[in-house]
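What follows is a set of notes on a single structure, which appears directly below.
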Amino acid sequence: MRRPNVLGSLNASLHALMEADRRVVLMGEDLLDPYGGAFKVSAGLSTAFPDRVLTSPISELGFTGVAVGMALRGLRPIVEIMFGDFLMLAADQLLNHATKYPWMYDGKATVPLVVRAPMGGRRGYGPTHSQSIEKHFLGMPGLVVVAPSPFHDPGALLAASVEDDRPVLFVENKLMYARLLRGAGDASMADVTVRSTEGAFPTVSLSYDGFEEGELTIVAYGGMAELGLAAAERLLIDHEIVAEVVLPSCLNPLDLAPIARSVRRTGRLLVCEEGTGVAGWGSEVVARAAEECFDALVAPPVRVTARDFPIGNTRVLEDAVLPQEDDVVRAARSVVESRKMRVVGG
Amino acid sequence: MRRPNVLGSLNASLHALMEADRRVVLMGEDLLDPYGGAFKVSAGLSTAFPDRVLTSPISELGFTGVAVGMALRGLRPIVEIMFGDFLMLAADQLLNHATKYPWMYDGKATVPLVVRAPMGGRRGYGPTHSQSIEKHFLGMPGLVVVAPSPFHDPGALLAASVEDDRPVLFVENKLMYARLLRGAGDASMADVTVRSTEGAFPTVSLSYDGFEEGELTIVAYGGMAELGLAAAERLLIDHEIVAEVVLPSCLNPLDLAPIARSVRRTGRLLVCEEGTGVAGWGSEVVARAAEECFDALVAPPVRVTARDFPIGNTRVLEDAVLPQEDDVVRAARSVVESRKMRVVGG
Amino acid sequence: MSVDPRQRFDGQPGPVGERLYAQMALIRAFEERLLLLFDQGELFGTTHCYIGQEADAVGIINHLRAGDVVFSNHRCHGHFLAYSDRPELLLAEVMGRDTGLVGGRGGSQHICYEDFYSNGVQGGIVANAVGAAMAEKLTGGGAVTVVFLGDGTLGEGIVYESLNMASLWGAPVLFVVEDNRWAQSTPVDKELAGDMVARGRAFGMSASEITSTDAVELYERFGALVEQVRETGRPHFEVIHTYRLCHHSKSDDRRPEEEVERHRADDPLPKLAARLAPGRAEALDREAEARVDEALAWARAQPFPEASELGGARAKA
Amino acid sequence: MSVDPRQRFDGQPGPVGERLYAQMALIRAFEERLLLLFDQGELFGTTHCYIGQEADAVGIINHLRAGDVVFSNHRCHGHFLAYSDRPELLLAEVMGRDTGLVGGRGGSQHICYEDFYSNGVQGGIVANAVGAAMAEKLTGGGAVTVVFLGDGTLGEGIVYESLNMASLWGAPVLFVVEDNRWAQSTPVDKELAGDMVARGRAFGMSASEITSTDAVELYERFGALVEQVRETGRPHFEVIHTYRLCHHSKSDDRRPEEEVERHRADDPLPKLAARLAPGRAEALDREAEARVDEALAWARAQPFPEASELGGARAKA
Ligand SMILES: Cc1ncc(C[n+]2csc(CCOP(=O)(O)OP(=O)(O)O)c2C)c(N)n1
Ligand SMILES: Cc1ncc(C[n+]2csc(CCOP(=O)(O)OP(=O)(O)O)c2C)c(N)n1
Ligand SMILES: [Mg+2]
Ligand SMILES: [Mg+2]
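Chains as they are written, first to last, in the working numbering: chain E, 1 to 346; chain V, 1 to 346; chain X, 1 to 317; chain H, 1 to 317.
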């Protein structure tokens, strides 16, 4: 049997979720077969569950609001935002409705809503169809932000999100859809030791040396996960630098423990994200690590992010803005080469 | 002459700006006299400049979009969002229009737009009228985020924002409106040494000991500025801890230099913000400091922020969520008492 | 457990007019007391009163049955009291008590009780209401959802997105526009172009309007409308032209005095009182005052929440 | 320097039909070439073609004078070419070249040239257009702003917020809804309830509609509408019922073949060609092809931007 790709995993999960639970409803633009959604994550669903797939007008705020109302009243809606870039249109429903109701109604209501948002560039779609803007949704009290990678089980993460009583923003990197899943048993992972935390939204940690003598912790998620591992491989082969790659699937609330454990081993932290850096996920990870692993750090933490510009349509500008494998390798080398040590005293 | 308060400074600046430049237009809800805007920042303007004050329908996205169009076509619109909590409704116009046009049109257009947004709690307005959500707008490439405090000249900051060719989000803490300005010459500042960086959006630094032997850098902005200084005073008097208080007026792009200079003196960093912490402004400041002042830090940086919940309507819950002076003092003491030192080696 | 306003209303003795009046008197007494408590410094924050519009709430909500859903806005006291008849819970809430409707978390604008929800952000609830109605439709229930919005809220784009979806998908929702001629400090002609009813109709649904503060007249009209929505499973858009006799929130009324005065003649309470049996209105007013006294005494005795309860929540009701 | 489409159009020799046809032929040839370049792998990313709707652009834009403003959407090639007559600049842009309209930054959907602007996010430009019109009004200029939106984009709430403000404030803006019966993969009856023209009218502005792919007919109608907006300083809302003959973007057409076939009879090019002098259409087609050849040769010779130019920008035009 061929390994499924990310798209297939998500699509199969949607089928299973809708089959298993009549409360699951899908809403978004252009969802009906034979089209099946802009990226085909929703393919086949409107045929199998015609009553529960609502193809919607181009009304991101409105249909997210409709989904919030459905969730308040006992359904488990999944909303698809065609391009994550348009999520700002729906943001007020997340900030002032979906996440507010459960707390401000003192637990009298829950909003088990999942908003799926394809994000990311490298497809030449230009400045308004290529962004990774999930950072702007981090730290809304009550909003869970989940991002699968090929090293997780995307379908299982989606199922856990749907089963969660809290509103979840589910971030899908577009380029990742076609990537094959990479589990512990796969050939491509033969040299890699894999660890995973427990729970619905696990953090996966990867190491080429069995977590024996890592010198650097590379933290990444979503579309940057494979780049992170590829960089780790090159660092090992070309530069004899042993890096551990830590891949959370839940961006918020963040389980720092697996990152902290790794940093305590390696003393060095590099965080990657495809979005721009300022006040991003990487800022939070670096800040948390600086606060909570201060004594373990032997070198300044570093972030590899998109440069602080929109994403140009032409490839040279898109490539220049988005973080590349080379950028990860370069930053990793510089952080490892700054071999500062410190002695902790009283 | 009485010292003006923040409200008066902003209002006078708006009068002067509209008087001086016919391109300046004001838009927002309930702006007309005698009402003059929900917080009266716009009082008198519709009487003085009836053609250029457009009281708008309750259409935050729409009127922000109208302002973007005006700015593209040569005007200098100022938009008032009645409560900053509603800014998410307008966010797409900031992310995908106002900030995109200048770059993606390759410099063929500018969008000199100012969006004013009153933020903040402590007035018993409840979960949807008390938030400080500016963090969600940090790091949109091209968006300047400015926040006055009583230690800056709010009117001058507003004027600089209007004169700036870039879109500016201008964050006004609501509780601060009634506070008197606190310049270098004021009695309340007699014991305080004040430094300021140059430029349109200066960072003001305050010290009770002339920046001689600070042990801690407290970074704050907007509504947390006075809390930061009050905490510094108590730290000095009650605990013999010398803290420097660094108050940027421009949250993004952030000039780290004055913060870094202070941290290099003190070795310790505490960042305050009224909003919740995750991926907030404090995360960015801590991350930047960890990256750029790594060797100077002798203790883990710390953040004092709102706790990760909505802001309850009842005072006890509002107080419990929002960061208080006591929290700053407590965090400051703990960071100073963790007298870890480190020796930097090769 | 579900609230059944219609059953409660139908089960009460006396003529319809008296029963409607009794509810309006309670709303009025409740809010006048609230304003007093603010003036006396016992309350903090803000509130939006419904004075002058009471006939809408009682005219509509008494037609709702168990399981029917109400979405309300910042001006929710009247809707809530007509729905629940529980002044003490709302009072305790506004007073920030732990046993208030939502434990003091929401205050005046953000309440929830059984199938009643309110939020203080304009517009968003309209989509939420369509979602509630769609949930009902998809699960085969027969409940109707009513959502209240003001004339000013017709400025929000989400309202039209919601009308479009409700109409496209056939959502059993009754949109009630309470046109009180002002949005905060802005008169309707500075906030709204064109025609309100035409807006509803343009989205392919039945729409009509009524200019009235007569509770009995409204009660009669809405009986048919609520059942129409229930039976057709389709949305309806109804505009009530009315008037707000109090300030927008507190002490912020800068409207022309003479205009406000003129509308006092339409105050729904005296309007209906005049048609009741002699002395009935006064008696009902006194009863309402007594209930508010009692509610206040209860609410004052309630504890504030603990700061440590930030993350917790009462068991789901 | 300002583009003056009307002066350019009026200054050309020949009958109106021929001149309109020439422009449509250029748009058609341009886009067919674009699709070919995508198929051949020379282009990357995405694009939205205007095939079947060309009559709208030429019917409207030729009435615009220097300083008039156009806001366009994702499907902007036709609007742009009718406005600018500069295929080489757009081609270089879509090909990602440094000398493209916006230096390769925007690509097919995000372009700017003189008083022409486009954006690929649905709805937002409608408010931007009202702002442009208000800027004109406030500075006392006499320019008209035209904004193009699709039937599907009528789903966005910002459209109604914009209509309301345009009407309230008297903005000289012409809203043109190009109803091509589909929004991406969604037919109009699954996206839109009620009536398009009624929506415009409900916001207090003049509104009308036309079902036509006849460039001359559209040209005649819009001459009056553009001048109406200019003279009254008030908005107008016009719906053109037309049809898209190509896929939404590339290779994503799953519409019923028979429906598409049926609409081929309304293809604006053959429709107008049949009324031109014999041989003229073919000659104009050849001219258009030649111009596209030339534009392509030029564009291919243009350099790509440097990665280091990320922060820079060409001098303001
Ligand atoms: C999104 C949003 N914008 C602005 C406000 C501030 N605000 C509260 S009530 C109000 C006026 C509402 O007017 P209307 O809809 O007519 O209701 P009314 O107050 O007259 O009952 C405004 C502008 C808000 N609460 N939410
Ligand atoms: C805010 C937003 N939502 C969704 C999209 C994706 N999208 C691009 S074009 C399109 C369909 C637009 O339909 P219509 O307005 O009828 O224009 P047409 O494509 O038919 O010209 C959609 C959904 C978008 N670009 N922007
Ligand atoms: Mg009103
Ligand atoms: Mg269309």
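C-beta: ideal position from N, C-alpha, C; glycine also. Nothing here was measured: the structure is a model prediction, and the numbers come from that model.
Residue 58 (chain E) CB to nearest heavy atom of ligand 2 below 7 angstroms: yes
Three or more C-beta pairs below 8 angstroms linking the region 80-97 of chain X and the region 17-33 of chain X: yes
Close Cβ partners of residue 346 (chain E) (< 8 angstroms) along its chain, the five nearest in sequence each way excluded: Confidence is the limiting factor: at residue 346 (chain E) the pLDDT is only 30, short of 50, which leaves the residue's position unreliable, though a coordinate-based value still follows. Taken in chain order, the list of residues that qualify is empty.
Any chain X beta carbon closer than 8 angstroms to residue 97 (chain V): no
Euclidean distance between Cα positions of residue 204 (chain E) and residue 197 (chain E): 7 angstroms
Whether residue 68 (chain E) touches residue 98 (chain E) by CB criterion (8 angstroms): A distance below 8 angstroms separates the beta carbons of residue 68 (chain E) and residue 98 (chain E).
Contacts around residue 159 (chain X), its chain only, beta-carbon distance under 8 angstroms, and the 5 residues preceding and following it disregarded: 123, 126, 149, 153
Alpha-carbon to alpha-carbon, residue 251 (chain E) and residue 298 (chain V): Going by the C-alpha atoms only, they are around 29 angstroms apart.
Distance between beta carbons of residue 225 (chain H) and residue 238 (chain H), contact taken as under 8 angstroms: Confirmed, Cβ separation roughly 6 angstroms.
Spatially closest choice to residue 249 (chain E) from E:191, E:275, E:263, E:150, by CA coordinates: The option with the nearest alpha carbon to residue 249 (chain E) is E:150.
Given 8 angstroms, three or more beta-carbon pairs between the region 230-237 of chain X and the region 37-52 of chain X: no
Whether residue 74 (chain H) touches residue 120 (chain H) by CB criterion (8 angstroms): yes
Candidates E:77, E:37, E:154, E:213, of which the one nearest residue 110 (chain E) by Cα: The residue with the shortest Cα to Cα distance from residue 110 (chain E) is E:77.
Own chain partners of residue 134 (chain H) with C-beta closer than 7 angstroms, once the 5 adjacent residues on each side are dropped: 169, 171.
Residues in the region 105-128 of chain X having any Cβ partner in chain V nearer than 8 angstroms: 105, 106, 107, 108, 109, 110, 119, 120, 121, 122, 123
C-beta contact flag for residue 191 (chain H) and residue 155 (chain H) at 8 angstroms: yes
heavy atom of ligand 2 below 7 angstroms from residue 121 (chain H) C-beta: yes
Check: residue 150 (chain H) C-beta below 7 angstroms from any heavy atom of ligand 6: Looking at this structure, you won't find ligand 6 anywhere; what it does contain is ligand 1, ligand 2, ligand 3 and ligand 4.
Closer than 7 angstroms: residue 153 (chain X) CB and nearest ligand 1 heavy atom: yes
Proximal residues of chain H, C-beta to C-beta of residue 21 (chain V) below 8 angstroms: Chain H residues near residue 21 (chain V): none, gap ~12 angstroms exceeds 8 angstroms.
With 16 other Cβ atoms within 10 Å as the buried cut-off, status of residue 161 (chain E): Looking at its Cβ environment, which holds 16 or more other Cβ atoms inside 10 Å, residue 161 (chain E) is buried.
Residues bridged to residue 179 (chain X) (per DSSP): Residue 179 (chain X) is bridged to X:241.
Proximal residues of chain V, C-beta to C-beta of residue 103 (chain H) below 7 angstroms: 106
Cβ contact check for the region 268-277 of chain H and the region 7-19 of chain H: 3 or more pairs under 8 angstroms: yes
Any non-hydrogen atom of ligand 1 closer than 7 angstroms to residue 132 (chain X) Cβ: no
Residue 180 (chain X) CB to nearest heavy atom of ligand 3 below 7 angstroms: Residue 180 (chain X) Cβ: within cutoff of ligand 3.
Range of the contiguous alpha helix (DSSP H) that encloses residue 310 (chain V): Unbroken run through residue 310 (chain V): none, as it is neither H nor E.
Per-residue contacts from residue 164 (chain H) into chain V (C-beta, under 8 angstroms): 57, 59, 62
Residue span of the beta strand (DSSP E) that contains residue 145 (chain X), given as start and end: 145-150
Cβ pair count under 8 angstroms reaching 3, the region 136-149 of chain X against the region 26-36 of chain X: no
Residue environment, residue 334 (chain V), which counts as buried when at least 16 other CB atoms sit within 10 Å: exposed
Interface residues of chain H facing residue 75 (chain V) [CB-CB closer than 9 angstroms]: 131, 134, 135, 138, 139
Chain-order list of residues whose beta-carbon lies under 7 angstroms from that of residue 140 (chain E) (same chain, five-residue window excluded): 94, 95, 99
Meets three-Cβ-pair contact criterion under 8 angstroms: the region 15-28 of chain V and the region 47-55 of chain V: yes
Euclidean distance between Cα positions of residue 30 (chain X) and residue 143 (chain V): 47 angstroms
Chain E contacts made by the region 4-31 of chain H, where a contact means CB separation under 9 angstroms: Of all residues in the region 4-31 of chain H, none is placed with a Cβ closer than 9 angstroms to any Cβ belonging to chain E.
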